[in-house]
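Presented below is the structure to which this report refers.
Chains as they are written, first to last, in the numbering used here: chain A, 279 to 475; chain B, 279 to 475.
So this is what it looks like as structure tokens:
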């Protein structure tokens, strides 16, 4: 299944064809593919090149590790994410390595890394569904997170499922239209709220 | 000039060839190209599809607007960013539109939008240099930012410059090697600090 963006201006296919399925195919992702996704994250830019991102990874080939990670999602996400072949947690080091001060850009830069990971996934026929609905306290305990490390997102990774073979509820969610505000709602010129022309 | 990443695992050329120059060519960027960059940002994923990002844009074709935006960077960034043909500010709406509660993922999702913008730039022969070094107070005042909107980054956009025609200091910075920690420093399995295998 594909679900391209409805574009007002042309963009590269890797951008237009990235989307966030809830229905994944029953197909494993080779570890070498995952290494390439993580390599894309690795080369993201970051403030002071601090590279504040980290990922915890579990695949269905490791049932205990997968179950532990799945249990760190809010129940509404567990319902569909249990069918993904790969789950990850996205984490941020929130203090600067250089001076231990708060890194205001830590979550921003994790977002950049995860976005590049998702582009690399699209290039390989995979898709990534990122989630904010996680249980940070459970994650901190389960994975023994040190002070200054925050769990921020989870990521489900896999090949999009065939709507004809997905559970109806997931197929229906994946069939819903994609929606974004127009550029005039967020691209400004002389002042906030004044469209850039 | 190009400056591809030194890869441990293969990634798509648009990821490997994205980098952050300080030296830009003396060449304008057509507005239609910028619209495509912003369209890539538009289609980023976000928590609750809140799309918390916004951009303020100024080009050298608008000298007053450009000077105003340039003045919102820390002096160290002004020295090189003044030569970029396009400057932007990246902003985040830090409260959820749905219920006015804090959006923990606002900066994260701005980061995703800016990363996709930078990939689209690479696809068009452009590069983006993002900066954390901005003057948020000056920006809030200059652009009349409402409560709940934060300036987070600036972005310089343009065609990379020919090192032979750049000022020596900029050419030297652009010639410096790219550097990232290996995956074992940020990809974990059973617990924080334990490499995923």
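Idealized CB from N, CA, C, for every residue including glycine.
All values derive from a computational prediction rather than experimental measurement.
How close, in whole Å, do the beta carbons of residue 318 of chain A and residue 289 of chain B come, if the pair is a contact with beta carbons under 8 Å?
Yes, they are in contact, since the Cβ atoms of residue 318 of chain A and residue 289 of chain B sit about 5 Å apart, within 8 Å.
In terms of alpha-carbon separation, which member of B/462, B/392, B/354 lies closest to residue 330 of chain B?
Of the candidates B/462, B/392, B/354, B/392 places its Cα closest to the Cα of residue 330 of chain B.
Residue 313 of chain B to residue 471 of chain A span [Cα, whole Å]:
Those two C-alpha atoms are separated by around 17 Å.
Against chain B, does residue 361 of chain A count as a neighbour if the rule is that its beta carbon must be under 8 Å from one of theirs?
So, not an interface residue.
Does the stretch 360–374 of chain A come close enough to the stretch 367–382 of chain B to have 3 or more Cβ pairs within less than 8 Å?
Cβ pair count under 8 Å is below three, so no.
Tell me whether residue 313 of chain B sits in a helix, a strand or coil according to DSSP, three-state version.
Helix at residue 313 of chain B.
With residue 461 of chain A as the anchor, note down where its beta strand (DSSP E) starts and where it stops.
It is not in any beta strand (DSSP E) - residue 461 of chain A carries neither H nor E in the DSSP assignment.
Please list, in chain order, all residues of the same chain as residue 338 of chain B whose beta carbon is under 6 Å from its beta carbon, the five residues on each side excluded.
344, 363.
If the cut is a Cβ gap below 9 Å, which residues of chain A does residue 283 of chain B touch?
Per Cβ cutoff of 9 Å: 317, 320, 321.
Which whole-angstrom value describes the C-beta separation of residue 323 of chain B and residue 298 of chain A, a residue pair presumed to lie in contact below a C-beta threshold of 8 Å?
Contact between residue 323 of chain B and residue 298 of chain A is confirmed by a C-beta separation of about 5 Å, below the 8 Å threshold.
N-terminal and C-terminal residue of the alpha helix (DSSP H) that residue 398 of chain A is part of:
Residues 384–401.
Quick check on DSSP: helix, strand or coil for residue 375 of chain B?
Judged by DSSP in its simplified three-state form, residue 375 of chain B adopts coil rather than helix or strand.
Tell me where the alpha helix (DSSP H) around residue 415 of chain B begins and ends.
In the DSSP assignment, residue 415 of chain B falls within the alpha helix (DSSP H) that extends over 414–420.
Note down, in chain order, each residue of its chain lying with its Cβ closer than 6 Å to the Cβ of residue 395 of chain A, except the 5 sequence neighbours on either side.
In its chain, beyond the 5 residues on either side, 315, 318, 319 have a beta carbon closer than 6 Å to the beta carbon of residue 395 of chain A.
Chain B contacts made by the stretch 290–317 of chain A, where a contact means CB separation under 9 Å:
Cβ proximity to chain B below 9 Å picks out 290, 292, 293, 294, 296, 297, 298, 309, 310, 312, 313, 314, 315, 316, 317 from the stretch 290–317 of chain A.
Using the three-state DSSP reduction, which class does residue 358 of chain A fall into: helix, strand or coil?
Helix at residue 358 of chain A.
Using a Cβ cut-off of 8 Å, pull out every chain B residue sitting near residue 398 of chain A, in sequence order please.
In chain order: 289, 290, 293.
Going along chain B in order, which residues have a C-beta closer than 7 Å to the C-beta of residue 424 of chain A?
Here the neighbours are 470.
C-beta contact flag for residue 443 of chain B and residue 292 of chain B at 8 Å
No, they are not a contact pair.
Would you list the one or two residues that DSSP bridges to residue 407 of chain A?
According to DSSP, residue 407 of chain A bridges with A/434.
At least one CB of chain B closer than 8 Å to the CB of residue 358 of chain A: is that the case?
Not closer than 8 Å to any Cβ of chain B, the Cβ of residue 358 of chain A fails to qualify, so no.
Enumerate in chain order the residues of its own chain whose CB-to-CB distance from residue 438 of chain B is below 6 Å, with the five nearest sequence positions on each side excluded.
Cβ contact annotation for residue 438 of chain B (same chain, cutoff 6 Å, sequence separation greater than five): 279, 299, 405, in chain order.
Any C-beta of chain A within less than 9 Å: which residues of the stretch 454–467 of chain B qualify?
Flagged, chain order: 456, 457, 458, 459, 460, 461, 463, 464, 465, 466, 467.
Decide if residue 475 of chain A is buried, meaning its Cβ has at least 16 other Cβ atoms within 10 Å, or exposed.
So residue 475 of chain A counts as exposed.
If you follow the beta strand (DSSP E) that residue 332 of chain A is in, where does it begin and where does it stop?
Counting along the chain, residue 332 of chain A sits inside the beta strand (DSSP E) bounded by residues 331–337.
Interface residues of the stretch 405–422 of chain A facing chain B [CB-CB below 7 Å]
Taking a C-beta cut-off of 7 Å against chain B, the contacting residues of the stretch 405–422 of chain A are 408, 410, 421, 422, listed in chain order.
Using the DSSP secondary-structure output, state which residues sit across from residue 368 of chain B in a beta bridge.
Answer by DSSP bridge pairing, in chain order: B/333, B/431.
Where do the N-terminal and C-terminal ends of the alpha helix (DSSP H) with residue 328 of chain A fall, by residue?
For residue 328 of chain A, there is no enclosing alpha helix (DSSP H), as DSSP gives it neither H nor E.
So, does the stretch 454–465 of chain A touch the stretch 408–424 of chain A, judging by three or more C-beta pairs under 8 Å?
Segment contact: the stretch 454–465 of chain A against the stretch 408–424 of chain A, fewer than three CB-CB distances shorter than 8 Å; contact not assigned.
When you compare each of A/390, A/302, A/387 to residue 441 of chain A by their alpha carbons, which one comes out closest?
That would be A/302, whose Cα lies nearest to the Cα of residue 441 of chain A.
Sort out for me which residues DSSP pairs residue 473 of chain A with in a bridge.
Paired residue(s): A/466.
Range of the contiguous alpha helix (DSSP H) that encloses residue 341 of chain A:
Looking at the DSSP string, the run of the alpha helix (DSSP H) that includes residue 341 of chain A is 341–348.
Sequence-distant residues of the same chain with beta carbon closer than 6 Å to residue 427 of chain A, five excluded per side
Taken in chain order, the residues that qualify are 369, 371.
Looking at residue 433 of chain B: is its Cβ nearer than 8 Å to the Cβ of residue 408 of chain B?
A contact, by the Cβ cut-off of 8 Å.
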